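Worksheet for the structure shown next.
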Amino acid sequence: MNSNDNPGISVKLGSIRLKNPIVMCSGTFSSGIEYNNFYDVSMLGAITTKSFSLKPREGNKPPRLCETSAGLLNSIGLQNEGIDFFIYEHLPFIKRERFNTILSMLGSDVNEFSDLAVKVRNIEENLIAVELNLSCPNIEKGGMSLGLIPEEVENVTATVRKILNIPVIVKLSPNIENLPEITLRAKNGGAEAVSLINTVVGMAIDINTFKPKLGNVTGGLSGPAIKPIALAKIFNLHKEKILPIIGMGGIFSWEDAIEFILAGSSAVGLGTVNFVDLQAGKKILDGIIDFMNNKNILNIGDIIGKVKAG
Ligand SMILES: Cc1cc2nc3c(=O)[nH]c(=O)nc-3n(C[C@H](O)[C@H](O)[C@H](O)COP(=O)(O)O)c2cc1C
Numbered sequence: 080m081n082s083n084d085n086p087g088i089s090v091k092l093g094s095i096r097l098k099n100p101i102v103m104c105s106g107t108f109s110s111g112i113e114y115n116n117f118y119d120v121s122m123l124g125a126i127t128t129k130s131f132s133l134k135p136r137e138g139n140k141p142p143r144l145c146e147t148s149a150g151l152l153n154s155i156g157l158q159n160e161g162i163d164f165f166i167y168e169h170l171p172f173i174k175r176e177r178f179n180t181i182l183s184m185l186g187s188d189v190n191e192f193s194d195l196a197v198k199v200r201n202i203e204e205n206l207i208a209v210e211l212n213l214s215c216p217n218i219e220k221g222g223m224s225l226g227l228i229p230e231e232v233e234n235v236t237a238t239v240r241k242i243l244n245i246p247v248i249v250k251l252s253p254n255i256e257n258l259p260e261i262t263l264r265a266k267n268g269g270a271e272a273v274s275l276i277n278t279v280v281g282m283a284i285d286i287n288t289f290k291p292k293l294g295n296v297t298g299g300l301s302g303p304a305i306k307p308i309a310l311a312k313i314f315n316l317h318k319e320k321i322l323p324i325i326g327m328g329g330i331f332s333w334e335d336a337i338e339f340i341l342a343g344s345s346a347v348g349l350g351t352v353n354f355v356d357l358q359a360g361k362k363i364l365d366g367i368i369d370f371m372n373n374k375n376i377l378n379i380g381d382i383i384g385k386v387k388a389g
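Each residue of the sequence shown is one higher than the one before, counting from 80 in my numbering.
And the structure:
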């Protein structure tokens with residue numbers, strides 16, 4: 080059965096309705112254009128674009144990627160061509176192919192987020208939501224440094240919310256202790272959902288040169304190595320019942336995706352797996368649908384957060 084024949088696979092996060100729970104993670108799928116050569120990307124619940132800032136950013140000095148045991152360490156530093164590039168180069172394709180698109184927005188402070196939102200307002204009818212990246216560990220200003228401060232999270236969210244008419248999602252970091260407080264601030268600012276988790280701060284060292292393997296010294300760890308961390312963060316945050324969660328962090332199979340849904344994810348984000356298997360989105364969606372059929376689960380929403388944990 081394909082997902083279009085199965086209304087029980089659709090999910091709702093606040094006012095955001097996705098035809099299925101598969102969401103591509105920011106920075107691991109570009110804007111989906113290249114992946115459309117391998118399967119019909121419009122079948123996905125949503126794709127999240129690479130984080131775009133107002134002006135182009137060069138990112139951090141190389142090397143910026145290194146493999147670790149069951150993981151990938153990156154210190155890209157949010158290299159991107161700037162929002163105008165997205166609007167003029169990617170958006171026409173996205174519109175034509177009807178991708179369900181979440182635009183990831185990045186600013187170094189509330190003013191940059193505000194200026195960016197003013198630009199995004201002109202194209203918002205082509206997006207299902209925006210995601211505010213308040214959690215990148217690889218940059219000095221903005222990203223995680225903003226997402227650590229409860230007042231800033233509320234302020235940035237409320238500022239963007241006032242400018243745009245589409246839903247706002249806030250992307251959160253696992254590297255902070257006060258996730259419920261930060262999530263509450265995002266909600267107070269008008270966010271309808273959170274994405275959790277961004278990468279975990281990590282490091283790798285070359286024992287021949289004694290040098291860090293990344294030019295930026297530390298980076299963000301993703302992939303299967305972080306899956307148990309992500310599951311625990313999502314499980315604990317879901318119990319607080321503050322906002323719906325797009326859960327991500329090391330999902331490599333449909334079985335992983337089901338675990339994330341049972342832990343409390345209303346939708347599941349696929350990131351690093353897209354570098355390993357170009358058709359991961361389609362395969363994981365098919366696997367979830369087969370699982371539902373085999374278990375007689377009529378609505379995927381019925382098992383969100385249903386882990387039997389005491
Ligand atoms: C190479 C790379 C680039 C990323 N770039 C971004 C980004 O631009 N914005 C963002 O919010 N997250 C970014 N992320 C984080 C992912 O969206 C995701 O939260 C994280 O990788 C955990 O999921 P995964 O283990 O399935 O990859 C990036 C991750 C990787 C591996």
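By construction, the Cβ of each residue, glycine as well, lies at the ideal position given by its N, Cα and C atoms.
The structure displayed is predicted, hence computed values, not measured ones.
Query raised in the report: If you draw a straight line from the C-alpha of Glu272 to the C-alpha of Val347, how long is it?
Result: According to the sequence as given, residue 272 is Ala; it is not Glu. So the alpha carbons of these two residues sit roughly 12 Å apart.
Query raised in the report: Going straight from the alpha carbon of Ile88 to that of Lys362, what length do you get?
Result: 15 Å
Query - Three-way DSSP call (helix, strand, coil) for Asp356 in this model - result: coil
Query - Cα-Cα separation, Asn116 to Phe108 - result: 13 Å
Query raised in the report: What did DSSP end up calling Asn159 once you bin it into helix, strand or coil?
Result: strand
Query - For Gly329, the three-state DSSP class (helix, strand or coil) - result: coil
**Report entry** Expected contact under 8 Å - CB spacing of Ile324 and Leu263 to nearest Å
**Finding:** Contact flag wrong, Cβ pair sits at about 14 Å.
Query raised in the report: How would you label Phe165, buried or exposed, when you count the other beta carbons within 10 angstroms and need 16 or more for buried?
Result: buried
Query raised in the report: Relative to the C-alpha of Met327, which residue among Cys104, Leu182, Pro86 is closest?
Result: Cys104
**Report entry** Contacts around Gly138, its chain only, beta-carbon distance under 6 Å, and the 5 residues preceding and following it disregarded
**Finding:** Ile155, Gly156, Gln158
Query raised in the report: Cβ of Ile155 within 6 Å of any heavy atom in ligand 1?
Result: yes
Query - Contacts around Leu225, its chain only, beta-carbon distance under 6 Å, and the 5 residues preceding and following it disregarded - result: Leu213, Glu231
**Report entry** Whole-Å CB distance - Lys385 paired with Leu341, under 8 Å assumed
**Finding:** 6 Å
Requested in this report: Determine the burial state of Val102: buried for a count of at least 16 other Cβ atoms within 10 Å of its Cβ, exposed for fewer.
Outcome: buried
Query raised in the report: Whole-angstrom Cβ separation of Gly294 and Arg136, contact assumed at under 8 Å?
Result: Gly294 to Arg136, Cβ: 15 Å. No contact.
Query raised in the report: For Val280, which residues from the same chain have a beta carbon less than 7 Å from its beta carbon, with the 5 sequence-adjacent residues on both sides left out?
Result: Pro216, Asn254, Thr297, Gly299
Query raised in the report: Do Ile126 and Gly111 come within 7 Å of each other at the CB atom, strictly closer than that value?
Result: yes
Report task. Any chance you could list the alpha helix (DSSP H) runs of at least 4 consecutive residues sitting entirely within the stretch 254-294, in chain order? Result -> 258-267
Query - For Arg96: DSSP bridge partner residues - result: Lys91
Query raised in the report: Beta carbon of Ala58, beta carbon of Ala149: below 7 Å?
Result: Examination of residue 58 is not possible in this model, given that the chain is present from 80 through 389 alone.
**Report entry** Reference Ser274; option with closest CA among Asn234, Ala208, Val239
**Finding:** Ala208
**Report entry** Among Ser301, Glu168, Arg177, the one whose alpha carbon lies nearest that of Thr147
**Finding:** Ser301
Query raised in the report: Which class does Phe178 belong to by DSSP, given the choice of helix, strand or coil?
Result: coil
Query - Beta-bridge partners of Arg143, as assigned by DSSP - result: The partner list for Arg143 (beta bridge, DSSP) is empty, contrary to what the question assumes.
Query raised in the report: Between Pro171 and Ile162, what straight-line distance do the alpha-carbon atoms span, to the nearest angstrom?
Result: 14 Å
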